[in-house]
Each structure stands twice: as C-alpha cells, then as structure tokens.
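Residue numbers (our numbering): 169 to 373.
Every residue gets a Cβ at the ideal spot worked out from N, C-alpha and C, and that includes glycine.
Since the model is a prediction, treat every value here as computed from it, not as a measurement.
Working notes, beginning with the structure itself.
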C-alpha cells in the first residue's frame with residue numbers, strides 16, 4: 169500500500185507534512201469529504217515535491233486548494249507569477265540541533281512561538297556514516313517522523329530521514345513548523361566521527 173503525505177497547511181484534524189504509511193485512514197477520508205480540496209494536496213510521497221511547488225504557483229488547482237484551506241495570501245498574485253504563501257517574514261533565527269555529536273541522541277528541538285516558521289537546516293560532520301531522523305511534535309509533545317524537502321535539489325523525493333550529509337558533502341533540508349509545534353533532527357546512528365546539524369528559521373508573521 170503506497171504512503172501518502174499531506175502538503176497543505178495545518179488545519180483542524182490534519183497537520184502539514186503528515187505522513188500515512190498504510191493508506192489514508194478513515195478519519196482523514198471523512199475530513200476529505202467535508203473539505204474536498206484536501207484531495208489535491210494529499211499525494212503519494214514521490215509526487216510531494218511537484219505538488220508542493222504547484223501549490224505555490226498561482227492559477228493551479230493545487231494553489232486554489234491551498235488557498236481555500238487558508239494557506240495562501242493571494243494579494244497581487246497573477247497567473248504568471250509564483251506567489252509565496254507567506255505574508256511577511258521576520259528573522260532569521262539561528263537553530264542548533266546537534267553539535268559535534270558522536271552517539272545517537274535526540275538533540276535540541278526548535279519550536280516557533282511568534283507564528284509558523286520555515287526552517288532550513290544543514291547536516292555536516294566528520295562521521296563516516298550516520299542516520300538522521302526528522303521528527304515533529306504537536307501540542308501533545310509526542311514526536312513522530314516528519315517529512316522534509318531537500319533544499320538544494322528539489323528533484324529528490326521528500327523524506328523523513330537521511331543517511332547523507334558530511335563535511336565533504338553537506339546536505340540541506342527544509343520544513344515548515346507550525347506555531348507551538350516542535351521539530352528536531354534526531355541522530356539514530358553514527359559511526360566514525362561526529363555530526364553537526366544547524367539551521368535558520370524564518371517566522372511568518
């Protein structure tokens with residue numbers, strides 16, 4: 169059964185970047201019946217990057233669905249212009265998740281309080297191998313795997329973890345973190361050196 173990811177904005181009952189590994193559950197199907205625009209933004213993992221880009225391009229069905237769900241400011245948008253869903257930005261804020269870490273650790277988490285935030289982070293270090301798991305917690309404080317997008321190569325499939333990123337070949341990822349939620353880049357495994365993960369968060373006002 170294919171895995172699906174929701175690339176729309178966070179709404180009641182459905183979080184942005186939520187992943188469903190065993191098909192779409194009945195509760196979400198019921199929500200789709202109430203909000204049919206969700207269907208445009210609930211897609212197989214391998215289509216997430218393309219649909220996310222389309223949701224930010226004025227004139228596309230995905231853009232209209234994102235707008236109906238409350239995620240797009242369309243003031244001044246035209247069909248020929250890609251419109252950002254953000255209204256205004258503040259920041260950036262430096263974020264440190266892992267600092268030359270040599271063993272599996274949860275590390276520090278980031279939680280925006282002034283508004284939703286776009287977080288871009290880089291994975292570096294001297295380790296010969298590593299597994300980095302991307303996780304987000306809602307108001308319950310329970311962390312679950314979260315989908316991130318490769319910031320430098322949008323053709324790469326979105327993922328909830330990576331084994332890449334080093335001093336030789338740093339890797340950068342991006343994720344949107346809703347206000348009050350927490351995000352972390354947990355080290356699941358590391359050998360032959362250390363891992364450093366730093367980022368910058370821009371809060372949307």
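Cβ atoms of residue j and residue i: under 8 Å apart, would you say?
| i | j | result |
| --- | --- | --- |
| residue 341 | residue 318 | yes |
| residue 302 | residue 343 | yes |
| residue 300 | residue 337 | no |
| residue 237 | residue 177 | yes |
| residue 226 | residue 209 | no |
| residue 272 | residue 356 | yes |
| residue 366 | residue 287 | no |
| residue 222 | residue 231 | yes |
| residue 283 | residue 371 | yes |
Alpha carbon to alpha carbon, how far is residue i from residue j?
| i | j | result |
| --- | --- | --- |
| residue 212 | residue 369 | 27 Å |
| residue 191 | residue 204 | 17 Å |
| residue 216 | residue 326 | 7 Å |
| residue 183 | residue 285 | 14 Å |
| residue 321 | residue 224 | 17 Å |
Leaving out five residues on either side along the sequence, give the residues of the same chain with a beta carbon under 6 Å from the beta carbon of residue i.
| i | result |
| --- | --- |
| residue 358 | 295 and 298 |
| residue 206 | 200 |
State the DSSP-derived secondary structure class of residue i, mapped to helix, strand or coil.
| i | result |
| --- | --- |
| residue 256 | At residue 256, the pLDDT of 34 sits below 50, so the modelled position is not reliable and the matter cannot be decided from this model. |
| residue 301 | strand |
| residue 324 | coil |
| residue 276 | coil |
| residue 340 | strand |
| residue 357 | strand |
To which residues of the same chain is residue i closer than 7 Å at the C-beta, ignoring the five residues directly before and after it?
| i | result |
| --- | --- |
| residue 364 | 266, 267, 268, 292 and 293 |
| residue 170 | 212 |
Only counting the same chain, and skipping five residues up and downstream in sequence, which positions put a Cβ closer than 8 Å to that of residue i?
| i | result |
| --- | --- |
| residue 307 | 348 and 349 |
| residue 314 | 185, 187, 302, 303, 304, 328, 343 and 351 |
Quick one: does the C-beta of residue i sit closer than 7 Å to a heavy atom of the ligand NAP?
| i | result |
| --- | --- |
| residue 265 | In the structure on display, the ligand NAP does not appear, and there are no ligands present to speak of. |
What residue ranges within the stretch 180-246 form continuous alpha helix (DSSP H) runs of no fewer than 4 residues, ordered along the chain?
194-202, 206-209, 216-222 and 229-236
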